[in-house]
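Asker: I'd like to ask you about the structure that follows.
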Amino acid sequence: MTETLVASLVAIPLLGALLVVASGLVSERGPPVVAAAVLAVQTALAGWVGSRAIVDGSLSNEVGGFVAPYGIELVVDGLSAVVVALVAAVSLAVLAYAVRDDPGGTAFYTEYLLLVTGLSGMCVTADVFNLYVFLEISGLATYALVASAGTGRSAVAALKYLLFGTVAASLYLLGVGYALVATGTLNMAHLAVELARVGYDSPLVLASFGFIVVGLATKTALFPLHTWQPDAYDDSPDSVSALIAALVSTVAAYALLRILYTVYTPAFFEAVPVARDALVAFACVSIVVGSVLAVAQSEVKRMLAYSSVSQYGLVVVGLAIGTRAAVFGAIVHLVGHAIMKGGLFVAAGTIDDLTGATTVDEYAGLADRFPVVGGASAVLMLAMVGVPPAVGFAGKWYIALGAVRAGTWPVAVVVFASTLLTLAYFAILVERMFVAPASASVQATTDGGTDAEGDRPSRPAPALVALIVGAAVVALVLGVAVTDLQTALEPTLDTLLS
Amino acid sequence: MIELIATKYTYLVVVALLAIGAYVMIESDNFVKKIIGLNVFQTGIFVFFISAAFHTAGESPVVQSGGGGGPFVSPLPHVLILTAIVVGVSLTAVALGLVVRIYESYGTINEDTLKEVLAND
């Protein structure tokens, strides 16, 4: 019974997207309500299926009754359970922001649900070509969502993202082609066996690894393949920035984890140590350069975007090191980053709506005027820096621990340095908000009514405050609950790392 | 060497298509041409899959009653590429839609001109 529900994790948001179109024909108020209902069902379902998968072991469903490895298999194990639940819960939470901020209309909510479809599909699929299809579905939905701001700038950002994203997905497809030529199969578990039989030093296998990693690293936005990402986050509507910053690259990084450990397996890294070293070096550069670029930004949304480049570098370092602690740390940081960055983008959007402040300098004195929003954002920023007991600390701690245990000291140093670098850009922002005298735009809202546009709300909407505070609370609670998560993921990690 | 070229020339086509597509995407400053480059690049990948599926004297994989026959061609790469073509068409449609939006906003589809317009914005 639960097995068949695995397919509905993809089917429900897909059908929901059609329902949204239908409801849009009936009433203008229909689409947001239908989208919320669909995502609530999806969240409940993801929670239920996920908890089953963690308690009873992985669930698999052969789509259409075609037997794996010939047919497409959908699998939910402990890891995909966590990510699919994250996708459902975060998209439901961000929808509460999108209905206020929304660029509107039936098309927006349809694209929103299609994005959830693609991301959920990427989480549960156990077939490398099926992963490509879901990668493109989520890509197409994201390009449309980025452009939904309706401005020329957002169209330019979306086109740039589309060109990068499509080439990335095409490179991934080429890698899949090489693997198919080498082995004749597309099923992930079957590929693991067949690739080992072909031999990890075969040029076909090595080339497929290279293409797939570069493709997914572009989607994850690692330096120097990140150039699409700051524009896409900065120029899209605020609610869309929050959604894609929290989820899209996260799921791409999850796909990279899945490919590395389910398809190529740790034995590949044993046989080809240069692949591991290259990945570690690539990610370390991304950590450092991403942080440095973030420090150099004056726009808050761009700073948050470059910060993501650095944080995903950390995740990939954890994956590449491949010790148990490092991989677990990467998973924790992946989930933690999604929640913290999503919360921070909602906060940045809310502050923009309230005061028009978008740059670091304009944030001056903000905490006096809006203590709750300012305080919760500061908590999220410090959590991202890695102040215990927040989840940012837990993730970085496990990654550093894994690096030390693997004996890769330079990586451990980079991980600790990244904490300082993260502090470098968030400390400026916190200092502005809490210490500096109020900026002109913040001052204007304090005086009330003097604002030129005159249509700004005087206080943040309760739902948005709840969202930002909620993200801060989850970031703290997850940090405390991380040992429980470790226990829950123990069997999955055993399978992945064996 | 000659024999290799004579039998595997489709792979040379793949390399040429990938290179031309990537070059056009990088070098052209016209957005529509960039999208054409993208299409050429993707076509290179399609040809790769189809070439890989080729089998001399391979039959279409329809097993007659009672079995037997063969060798059969694997139908899988063809099916994959049908899907990939559909994906490519949708991407082209979205990309061209975005180019129309850019033209409506800025009156240009030239990357360099657009940069100047955005810098003055």
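Protein chains in written order, with the working numbering: chain D, 1 to 498; chain U, 1001 to 1121. C-beta: ideal position from N, C-alpha, C; glycine also.
Compute the Euclidean distance between the alpha carbons of glycine 1058 of chain U and isoleucine 1050 of chain U, then round it to the nearest angstrom.
Answerer: Distance between the alpha carbons of glycine 1058 of chain U and isoleucine 1050 of chain U: 13 Å.
Asker: Between the Cα of alanine 17 of chain D and those of D:Ala81, D:Val6, D:Tyr112, spot the shortest distance and give me the residue it belongs to.
Answerer: Here the closest residue by C-alpha is D:Tyr112.
Asker: Pick helix, strand or coil for glycine 449 of chain D, following the three-state DSSP scheme.
Answerer: Low per-residue confidence applies at glycine 449 of chain D: pLDDT is 46, beneath 50, and the placement is therefore not dependable enough to give any value.
Asker: Which value, in whole angstroms, describes the spacing of the CA atoms of threonine 1007 of chain U and valine 1040 of chain U?
Answerer: Taking the straight line joining both Cα atoms gives about 23 Å.
Asker: Specify whether the segment 258-268 of chain D and the segment 221-229 of chain D touch according to this definition: at least 3 beta carbon pairs, one from each stretch, less than 8 Å apart.
Answerer: No, because fewer than three Cβ pairs between the segment 258-268 of chain D and the segment 221-229 of chain D fall closer than 8 Å, the two stretches do not touch.
Asker: Determine the DSSP secondary structure at aspartate 201 of chain D, reduced to helix, strand or coil.
Answerer: The answer is coil: DSSP assigns aspartate 201 of chain D none of H, G, I, E or B.
Asker: Indicate whether glycine 374 of chain D and alanine 367 of chain D have their beta-carbon atoms separated by less than 8 Å.
Answerer: Yes, these two residues count as a Cβ contact at 8 Å.
Asker: Assign leucine 59 of chain D to one of three DSSP states: helix, strand, or coil.
Answerer: In this structure, leucine 59 of chain D counts as strand in the three-state DSSP scheme.
Asker: What does tyrosine 200 of chain D reach in chain U if we use C-beta pairs closer than 8 Å?
Answerer: Simply none; closest approach about 20 Å.
Asker: Under the rule that 16 or more other beta-carbon atoms within 10 Å means buried, what is aspartate 56 of chain D, buried or exposed?
Answerer: Flag for aspartate 56 of chain D reads exposed.
Asker: Quick check on the DSSP output: what are the complete beta strand (DSSP E) runs of length 3 or more inside the segment 1001-1049 of chain U, in order along the chain?
Answerer: You should have found no qualifying run.
Asker: Using alpha carbons as the reference points, say which of D:Ala126, D:Gly402, D:Ala147 lies closest to serine 236 of chain D.
Answerer: Taking only the C-alpha atoms, the option nearest serine 236 of chain D is D:Ala147.
Asker: Just the chain U side, please: which residues come within less than 7 Å of threonine 166 of chain D by C-beta, in chain order?
Answerer: Near threonine 166 of chain D (Cβ distances below 7 Å), the residues of chain U are Leu1038, Leu1091.
Asker: Which one or two residues does DSSP pair with aspartate 127 of chain D in a beta bridge?
Answerer: Its beta-bridge partners are D:Asn187.
Asker: Which value, in whole angstroms, describes the spacing of the CA atoms of aspartate 451 of chain D and arginine 369 of chain D?
Answerer: A caution first: aspartate 451 of chain D carries a pLDDT of 46, below 50, which makes its placement in the model unreliable, though a value can still be read off. About 15 Å.
Asker: Would you say alanine 338 of chain D and alanine 403 of chain D are within 8 Å of each other, going by their C-beta atoms?
Answerer: No; because the gap between Cβ atoms is not below 8 Å, this pair is not in contact.
Asker: Tell me, please, which residues DSSP counts as bridged to valine 359 of chain D.
Answerer: A small correction: the amino acid at residue 359 of chain D is threonine; valine does not occupy that position in the sequence shown. Threonine 359 of chain D is bridged to D:Glu299.
Asker: Would a C-beta distance cut-off of 8 Å place valine 300 of chain D and serine 120 of chain D closer than the cut-off?
Answerer: The answer is no: Cβ separation not under 8 Å.
Asker: Is it true that the segment 1007-1016 of chain U meets the segment 148-161 of chain D, where meeting means three or more beta-carbon pairs spaced less than 8 Å apart?
Answerer: Too few Cβ pairs lie closer than 8 Å, so no.
Asker: Going along the segment 1051-1066 of chain U in order, which residues come within less than 9 Å of chain D, judged by CB to CB distance?
Answerer: Under the 9 Å Cβ criterion, the segment 1051-1066 of chain U contributes Ala1052.
Asker: Quick check on DSSP: helix, strand or coil for aspartate 101 of chain D?
Answerer: Here aspartate 101 of chain D sits in helix by DSSP.
Asker: Determine whether the Cβ of glutamate 136 of chain D lies closer than 8 Å to any Cβ atom of chain U.
Answerer: Yes - at least one Cβ of chain U is within 8 Å of the one on glutamate 136 of chain D.
Asker: So, are the CB atoms of isoleucine 1102 of chain U and valine 167 of chain D less than 8 Å apart?
Answerer: Contact flag unset, no.
Asker: Hey, how far is the Cα of serine 1074 of chain U from the Cα of leucine 131 of chain D?
Answerer: Each residue's Cα considered, the two are about 21 Å apart.
Asker: Give the interface partners of valine 1099 of chain U over in chain D, defined as CB-CB distance under 9 Å, in chain order.
Answerer: Simply Ala155, Leu159.
Asker: Using the Cα positions of glycine 365 of chain D and serine 377 of chain D, report the straight-line distance between them to the nearest angstrom.
Answerer: Rounded to the nearest angstrom, the two C-alpha atoms are 14 Å apart.
Asker: Which chain U residues sit within Cβ distance under 9 Å of leucine 140 of chain D?
Answerer: Ordered by position in chain U, the residues that pass the 9 Å Cβ test against leucine 140 of chain D are Val1087, Ser1090, Leu1091, Val1094.
Asker: Would you decide whether glycine 449 of chain D is buried or exposed? Buried here means 16 or more other CB atoms lie within 10 Å of its CB.
Answerer: The predicted position of glycine 449 of chain D is uncertain, since its pLDDT is 46 and thus under 50; a value taken from the coordinates is nonetheless stated next. Its Cβ having fewer than 16 others within 10 Å, glycine 449 of chain D is exposed.
Asker: Could you list which residues in chain D have their beta carbon closer than 9 Å to that of serine 1105 of chain U, in chain order?
Answerer: Thr151, Gly152, Arg153, Ala155, Val156, listed in chain order.
Asker: Would you mind working out which of U:Glu1104, U:Val1063, U:Gly1107, U:Gly1044 sits nearest isoleucine 1085 of chain U, comparing C-alpha positions?
Answerer: Of U:Glu1104, U:Val1063, U:Gly1107, U:Gly1044, the residue nearest in Cα terms is U:Gly1044.
Asker: My output table needs one value for valine 76 of chain D: the three-state DSSP class, helix, strand or coil.
Answerer: Of the three classes helix, strand and coil, the one that applies to valine 76 of chain D here is strand, per DSSP.
Asker: Indicate whether at least one CB of chain D lies closer than 8 Å to the CB of lysine 1034 of chain U.
Answerer: For lysine 1034 of chain U, the answer is yes, since a Cβ of chain D falls inside 8 Å of its Cβ.
Asker: Interface residues of chain U around serine 148 of chain D at Cβ under 9 Å?
Answerer: The premise fails here: serine 148 of chain D is roughly 11 Å from chain U at the closest Cβ pair, so nothing lies under 9 Å.
Asker: For tyrosine 143 of chain D, go through chain U and note every residue whose CB falls closer than 7 Å to its CB, in chain order.
Answerer: Those are Val1094, listed as they occur along chain U.
Asker: Please decide whether alanine 1119 of chain U counts as near chain D, where near means a Cβ-Cβ distance under 8 Å.
Answerer: Answer no: the Cβ-Cβ gap between alanine 1119 of chain U and chain D never drops below 8 Å.
Asker: Kindly say whether leucine 1080 of chain U, judged by its beta-carbon, lies nearer than 8 Å to any beta-carbon of chain D.
Answerer: At least one chain D Cβ lies under 8 Å of leucine 1080 of chain U.
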